Amino acid sequence: MRMFNPPHPGEILSELWLQPLGLSITQVASHLNVTCKTVSALVNGKTGMSAEMAVRLELAFGKSAESWLAAQAAYDVWQLEAKRESLGVHKLAA
């Protein structure tokens with residue numbers, strides 16, 4: 003199990019770009035050509051990072067799409083670690 007809880011990509015977006023640059027969700031949504039609801043859901047951790055959104059963010063902020071998707075993957079795996087036993091999957095014997 004990993005030693006830290008990775009941040010949701012929406013938290014990264016908010017803390018490293020929106021807040022420091024004084025950007026509103028409305029401004030970012032307009033720039034990305036998506037709805038405010040879409041950006042709000044991402045920033046508030048209600049939805050995950052899609053490949054399309056990752057590319058849009060790369061174009062807007064310069065952080066690679068791969069790094070946005072890696073952040074989402076790290077977050078998702080961490081969340082599932084707590085549910086590992088409930089998945090009901092066991093290692094296959096060779």
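Residue numbers (this note's numbering): 3 to 96. Every residue, glycine too, gets a C-beta built ideally from N, C-alpha and C. Computed from a predicted structure; not experimentally measured.
(message) When you compare the CB positions of residue 34 and residue 56, do they come within less than 8 Å of one another, or not?
(response) Position 32 of the sequence shown, counting from 1, holds the residue named residue 34. Position 54 of the sequence shown, counting from 1, holds the residue named residue 56. It is not a contact, given that the beta carbons lie outside the stated cut-off.
(message) Between which residues of its own chain and residue 77 is the CB-CB distance below 6 Å, once the five residues before and five after are set aside?
(response) Locating residue 77 in the sequence shown gives position 75, counting from the first residue. Contacts found: 8 and 10.
(message) For residue 42, which residues in the same chain have their Cβ closer than 6 Å to its Cβ, ignoring the five residues on either side in sequence?
(response) Counting from one through the sequence shown, the residue named residue 42 turns up at place 40. The residues are 27.
(request) Could you round the C-beta distance between residue 59 and residue 15 to whole angstroms and report it? I think they count as a contact, below 8 Å. (result) The residue you call residue 59 lines up with position 57 of the sequence shown. The residue you call residue 15 lines up with position 13 of the sequence shown. Indeed they touch by this definition, with Cβ atoms about 7 Å apart.
(message) Restricting to Cα atoms, I'd like to know which of 47, 75, 68 and 86 is closest to residue 17.
(response) As a position in the sequence shown, residue 17 is number 15, starting the count at 1. When the alpha-carbon of residue 17 is set against those of 47, 75, 68 and 86, the nearest one is in 47.
(message) Quick check on the burial criterion: 16 or more other C-beta atoms within 10 angstroms. Buried or exposed for residue 2?
(response) Residue 2 cannot be examined here, being either before or after the span of the chain that is shown, 3 to 96.
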